[in-house]
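Each remark here refers to the structure printed beneath this line.
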Amino acid sequence: MSQCRGVPPGIPHSDPPVTPPLSPDSRGPVNVVLVGPPGSGKGTQAVRLAERYEIPHISTGEILRAAVRAGTDLGRQVADTLAKGSLVSDDLMTDLVRARLGEPDTGNGFVLDGFPRTVAQARALDEVLGPSPMMVILIEVPDADIVRRMGTRRVCDSCRLTQSVADVFHPDTEPCPYCGGNLVRRPDDEPETVRHRLATYAQYAAPVIAHYRSRPSFAVVDGLQHADKVAAAVAALIDRLLSQQS
Ligand code: AMP
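Position 197 of the sequence shown, counted from 1, bears residue number 187 in our numbering, the numbering being contiguous throughout.
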């Protein structure tokens, strides 16, 4: 699914200068893992990275939500877990990601958003990638800011763009600025579920971050900055790592 770039159409903004990316032919694969709490902007940043480096954005949460919407076997299997904001089993997630990374469009790399969530998943990913280089970027945002952000996060029921409603007092009356569709709250963005998802993140994320932290390809970005600044910081980190690899 495409996701909001952080700025609705019609609102002027200027991106910080970022150098043009190397084309996929003149560089190695760009394998990126974005880590961060729900609502930290991983999805928004993943969309931008996918465009910049011409790689697929693989959001495990979106793959699961699409399966629930389509009523597939997978969707029926995970619907309750998603509704509660708990984690789907490692075996299921690992099989799903292994299959997705085996598809031909990942030849130039990929940006993973929402996986790995546990150390078992991180180890499985190491195994799938083997010697292929991987960059892990942690987008840090404090819990209080996450809760505030999720309160205004909506998804368009027509074009599926994720965005933030501007009118916090009447958040359910704004149409989608892109297509005029209805902006609805994701069921797992209900405040109670958000708190559960944050607690789940707190429980599982620390060991995953510890798994990666000592690697030279691990970096932390301040997710409280404007989405454009986060994007510029992430692109600069990836470009630096790419130049070290060449
Ligand atoms: P997200 O959109 O990444 O916040 O994911 C939404 C929901 O999908 C999560 O709350 C989990 O229920 C499930 N999910 C997504 N990715 C994973 C994963 N790697 N491991 C376990 N559950 C996941």
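Every residue, glycine too, gets a C-beta built ideally from N, C-alpha and C.
Query, Result
"Around the C-beta of residue 213, are 16 or more other C-beta atoms found within 10 angstroms, so that it is buried, or is it exposed?", "buried"
"Is residue 105 near the ligand AMP, with its Cβ less than 8 Å from a heavy atom?", "yes"
"Starting from residue 50, trace the alpha helix (DSSP H) both ways and give me its first and last residue.", "50 to 60"
"If you count every other CB in all the chains shown that lies within 10 Å of the CB of residue 30, and 16 or more means buried, which is it?", "buried"
"Does DSSP classify residue 142 as helix, strand or coil?", "helix"
"Give a yes or no on whether the C-beta atoms belonging to residue 118 and residue 22 are separated by under 9 Å.", "no"
"Please find out if some non-hydrogen atom of the ligand AMP comes closer than 8 Å to the beta-carbon of residue 215.", "no"
"My assumption, with CB atoms under 8 Å, is that residue 28 sits in contact with residue 138. Please give the rounded CB distance.", "Going by Cβ atoms, the distance from residue 28 to residue 138 rounds to 13 Å, so no, they are not a contact pair."
"Please go through the same chain and pick out, in chain order, the residues whose beta-carbon is closer than 6 Å to the beta-carbon of residue 18, but skip the five residues on each side of it.", "235"
"Using the beta-carbon count (16 or more within 10 Å), is residue 49 buried or exposed?", "buried"
"In chain order, what residues of the same chain lie with their CB nearer than 6 Å to the CB of residue 226, ignoring the 5 residues before and after it?", "none"
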